[in-house]
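I have placed the structure first, in the form of structure tokens, so that the comments after it can refer back to it.
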Amino acid sequence: MRRKEQPRLALLLLGLLSLGWTGAQPSSPSTVPTLPLRPEVSPAADTLGDPIFPGLGQAGLDVRHYDVSLTVERPGTPELYGSVTLTLSSTRPLAEIRLDFLGLAVSAVRWNNRAAPYRVDAAAQKLSVTPPAPLLPGQEARLTVVYGGRPGVILDPGFGTPVQLGWQSVLAADGRVGANFTLSEPHGTHTFLPSNDHPSDKATFTTRLTVPQGFTAAASGVEGPVTERGGTRTFVFTQAQPIPTYVLGLHVNRFERVTAPAVPVGVGGATVARRDYFPVGTPPNVRAVYDRTGEALRVLSEWFGPYPFGACGVALVTPRLPALETATLSTIPPNLNTERTAVHELAHQWFGNDVSPATWADVWLNEGFATYSDVLWTEAQGGDGQAVAARWYDTLVRGGSRPLVATREEQLFDRSAYQRGALAVHALRAAVGDAAFRAFLRAYTARFSGGTVSTPEFLAFARAQTGERGEAALRLWVESPTLPPLPVVAGR
Ligand code: ARG
Ligand code: ZN
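In this text, residue positions in the sequence shown follow this note's numbering: the first is 129, and each later residue adds one.
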């Protein structure tokens, strides 16, 4: 799914800016953005040309929907098998479709239900399919891949000890209780799903997971009816709003699915289903962390605008890992089973999942806003948000920081992405005041809902909404090689 109107609107904004129109304040030519709105990708380039992961994706390919059916016969072992049907369109003629894919074995490929030639290039992590005729703009096609085996292995170097991304397999010591789940950010999804594995190509998902009796499957989206057959159970989930591939959450475990009252904070007052997945035996004090999710939904939606999806909750996992904002169903490890993490991952449902980074260089837009939710939640509890911001500032003074647009993989989830990113948001609030800050947040999520945003587009939008003052405050935190002064928001 792609929003083709977006760059045009941003260009229009830039055009208006250069004509001296800012919506709120007079402009000065010296603050007109100079960065290109999006990195240039030459039409001949085959990938999406991401500045951090240049090999990911295919330029011009637009996956609109993934219809995924996977079977896990022995939870806890890595093996899986099944198929995916991608609904494709394109923005340029494509004589070959090149999906990101690593590790699994392909047994059949069909193009609009007819067998199609394909080839797997493990070194390039691509599955290439040749359609009978090039896919042209305006056309739609269905590409089916039947596959199975062991998912590929991709490591993330940036988390102290390397973390394996993508499909996770957890086998308990007694060998009986096993679990599988996905933890893919930034580029692990193609270890278990052939995909255009880049956040700029968002898509909707239907996910069917078949597991042995006694196990429960969970996935991003709203759950449909469960079917039982021959000792297996098949669960189905519909993710009706487009999300980036890295936040597709899949879980298999001996779970208890615990529901709570729906919360009417969705778009147009729609209710949001509440369900959490706790591994059988999860103690009450661990579950209690999620007693206040409904309240957090209300507090955050007051600031951010309507909650973008139809369901909200968590799935708990047992290995020590980073947490992840898997869509509608945050994945929380035991080392991060805290209210702060729960609120942080909840905030990502707006910032990251609904409004997504145009490239991996822009991931601070995810982590900065999600981290900032700590200030908003603290204040909603009657606490001192400014003190939270001051602690972040101390961390940056001691540890150092960098301009916010990432240039290397190791920076994606560093303290600058989180704490300096959050202080950029705090600086905007300090510059424009609470009312304009709230109006900005709601306009921003509404404008980019379902789409993607780059850092220059974000700054241009901030300027159009909050004027030169708001944009300058943000730009200082985005670009300054040194640490700007701590912004102060008067106590509430
Ligand atoms: N987005 C996750 C969060 O909630 C962090 C993911 C870190 N991923 C990684 N591969 N280190 O903050
Ligand atoms: Zn985060």
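Where a beta carbon is used, it is the ideal one built from N, C-alpha and C, also for glycine.
Just to confirm, is the Cβ distance from Val200 to Leu208 under 8 Å? Looking up residue 200 in the sequence shown gives position 72. Looking up residue 208 in the sequence shown gives position 80. Contact flag set, yes.
Where Asn241 and Arg270 are concerned, what is the direct C-alpha to C-alpha distance, given to the nearest angstrom? By 1-based counting over the sequence shown, the position of residue 241 is 113. By 1-based counting over the sequence shown, the position of residue 270 is 142. In this structure, the alpha-carbon of Asn241 lies about 8 Å from that of Arg270.
Under 8 Å, do Tyr435 and Val380 count as touching if we go by C-beta distance? Position 307 of the sequence shown, counted from the first residue, corresponds to residue 435. Position 252 of the sequence shown, counted from the first residue, corresponds to residue 380. The answer is no: Cβ separation not under 8 Å.
Since I believe Pro322 is in contact with Phe229 (beta carbons under 8 Å), could you give me their beta-carbon distance rounded to a whole number of angstroms? In the sequence shown, residue 229 corresponds to position 101, counting from 1. In the sequence shown, residue 322 corresponds to position 194, counting from 1. Sure, about 4 Å apart at Cβ, within 8 Å.
For Gly377 and Thr459, believed in contact at Cβ under 8 Å, the rounded distance: Counting from one through the sequence shown, the residue named residue 459 turns up at place 331. Counting from one through the sequence shown, the residue named residue 377 turns up at place 249. In this structure Thr459 touches Gly377 by the C-beta definition: roughly 6 Å separates them, less than 8 Å.
Determine whether the beta carbon atoms of Phe565 and Gln593 lie at a separation below 8 Å. Residue mapping note: residue 565 aligns to position 437 of the sequence shown, counting from 1. Residue mapping note: residue 593 aligns to position 465 of the sequence shown, counting from 1. Result no, Cβ atoms of Phe565 and Gln593 do not sit closer than 8 Å.
For Val298, which beta-bridge partners are listed by DSSP? In the sequence shown, the residue the question calls residue 298 occupies position 170. In the DSSP assignment, Val298 is bridged to Ala307.
Consider the C-beta atom of Asp490 and the heavy atoms of ligand 1; say whether any pair is separated by less than 7 Å. For the purposes of this step, residue 490 is taken as residue 362 along the sequence shown, with counting starting at 1. No, the beta carbon of Asp490 sits no closer than 7 Å to any heavy atom of ligand 1.
Three-pair Cβ contact test at 8 Å for the stretch 423–441 versus the stretch 271–284: no
Unbroken beta strand (DSSP E) run spanning Gly422, endpoints: Residue numbering aside, residue 422 sits at position 294 when the sequence shown is read from its first letter. Where Gly422 is concerned, there is no enclosing beta strand (DSSP E), although the alpha helix (DSSP H) it sits in stretches over Thr421 to Phe432.
Can you say whether Thr573 is buried or exposed, counting buried as having 16 or more other CB atoms within 10 angstroms of its CB? Translated into the one-based positions of the sequence shown, residue 573 becomes position 445. Buried: at least 16 other Cβ atoms inside 10 Å.
Does any heavy atom of ligand 1 sit closer than 7 Å to the C-beta of Leu452? In the sequence shown, the residue the question calls residue 452 occupies position 324. Within the cutoff, so yes.
Can you tell me whether Asn494 sits near ligand 2, meaning its C-beta is under 7 Å from at least one heavy atom of the ligand? Position 366 of the sequence shown, counting from 1, holds the residue named residue 494. Because some heavy atom of ligand 2 lies under 7 Å away, the Cβ of Asn494 counts as near it: yes.
In the stretch 218–298, which residue ranges form an unbroken beta strand (DSSP E) of at least 3 residues, counting only runs that do not cross its ends? 225–228, 233–239, 246–249, 254–257, 269–277 and 282–284
Would you say Leu376 touches ligand 1, meaning its beta carbon is less than 7 Å from a heavy atom? Taking the sequence shown and counting its residues from 1, the one referred to as residue 376 is at position 248. Leu376: no, Cβ never under 7 Å from ligand 1.
Name the DSSP beta bridge partners of Asp190, please? By 1-based counting over the sequence shown, the position of residue 190 is 62. Ser217, per the DSSP bridge assignment.
DSSP-derived helix/strand/coil call for His326: For the purposes of this step, residue 326 is taken as residue 198 along the sequence shown, with counting starting at 1. In the structure shown, His326 sits in coil (DSSP, three-state: anything other than H, G, I, E or B).
Between Pro353 and the rest of its own chain, which residues show a CB-CB distance below 8 Å, the 5 nearest in sequence each way excluded? Here residue 353 refers to the residue found at position 225 of the sequence shown. Correct list, in chain order: Val364.
Give a yes or no on contact between the stretch 294–305 and the stretch 180–187, applying the rule of three or more CB pairs nearer than 8 Å. no
What does the Cβ neighbour count give for Ala618, buried or exposed, with the cut at 16 atoms within 10 Å? Along the sequence shown, one-based indexing puts residue 618 at 490. That one is exposed.
Length of the line joining the Cα atoms of Pro450 and Phe586: The sequence position of residue 450 within the sequence shown is 322, counting from 1. The sequence position of residue 586 within the sequence shown is 458, counting from 1. When rounded, the distance between both Cα atoms is 27 Å.
Strictly by DSSP, which residues pair up with His379? Stepping through the sequence shown from its first residue, residue 379 is reached at position 251. For His379, which the question treats as bridged, DSSP gives the partners Phe309 and Ala346.
Can you tell me which residues form a DSSP beta bridge with Arg357? As a first step, residue 357 must be located in the sequence shown, where it is residue number 229. The partner list for Arg357 (beta bridge, DSSP) reads Thr360.
Residues bridged to Asp195 [DSSP beta-bridge criterion]: Start at 1 with the first residue of the sequence shown, and residue 195 comes out as number 67. Bridge partners of Asp195: Thr213 and Thr334.
Exposed or buried, which one is Glu268 when buried takes at least 16 other CB atoms within 10 Å? Along the sequence shown, read from residue 1 onward, the residue named residue 268 stands at position 140. So Glu268 counts as exposed.
For Leu604 and Leu227, the rounded distance between their alpha carbons: The residue labelled residue 227 in the question sits at position 99 within the sequence shown. The residue labelled residue 604 in the question sits at position 476 within the sequence shown. When rounded, the distance between both Cα atoms is 38 Å.
Terminal residues of the beta strand (DSSP E) in which Arg402 lies: For the purposes of this step, residue 402 is identified with residue 274 of the sequence shown, where counting begins at 1. Counting along the chain, the beta strand (DSSP E) containing Arg402 begins and ends at Val400 to Pro407.
Alpha helix (DSSP H) segment containing Ala621, residue limits: The requested residue 621 is not part of the displayed model; the chain covers only 129 to 620.
Over the uninterrupted beta strand (DSSP E) stretch that includes Ser458, give me the two end residues. Along the sequence shown, one-based indexing puts residue 458 at 330. That run of the beta strand (DSSP E) goes Ser458 to Ile460.
On a CA-only basis, which of Thr610, Asn308 and Gln539 is nearest Glu444? Give me that one, please. Walking along the sequence shown from the start, residue 444 turns up at place 316. Looking at the sequence shown, residue 444 is not Glu but Leu. Considering only alpha carbons, the answer is Asn308.
Using C-beta distances below 6 Å, list every residue in its chain close to Leu611, excluding the 5 sequence neighbours before and after it, in chain order. Along the sequence shown, read from residue 1 onward, the residue named residue 611 stands at position 483. Leu524 and Ser529.
Give the DSSP-derived three-state secondary structure of Ser608 in the structure shown. Residue mapping note: residue 608 aligns to position 480 of the sequence shown, counting from 1. Coil at Ser608, not helix or strand.
Spatial distance of Ser256 from Thr272 (CA atoms): One-based indexing of the sequence shown puts residue 256 at position 128. One-based indexing of the sequence shown puts residue 272 at position 144. C-alpha separation (whole angstroms): 12 Å.
For Ala439, the residue or residues it bridges with in DSSP: Locating residue 439 in the sequence shown gives position 311, where the first residue counts as 1. DSSP output for Ala439 lists Ala401 as bridge partner(s).
Determine the closest residue to Val391 out of Arg385, Arg403 and Phe383, with distance taken between C-alpha atoms. Sequence index remark: in the sequence shown, residue 391 carries index 263 (1-based). Cα-wise, what sits closest to Val391 is Arg403.
When the Cα of Val616 is compared with those of His554, Ala601, Asn413 and Gly578, which residue comes out closest? The residue you call residue 616 lines up with position 488 of the sequence shown. With distances taken between Cα atoms, Val616 lies closest to His554.
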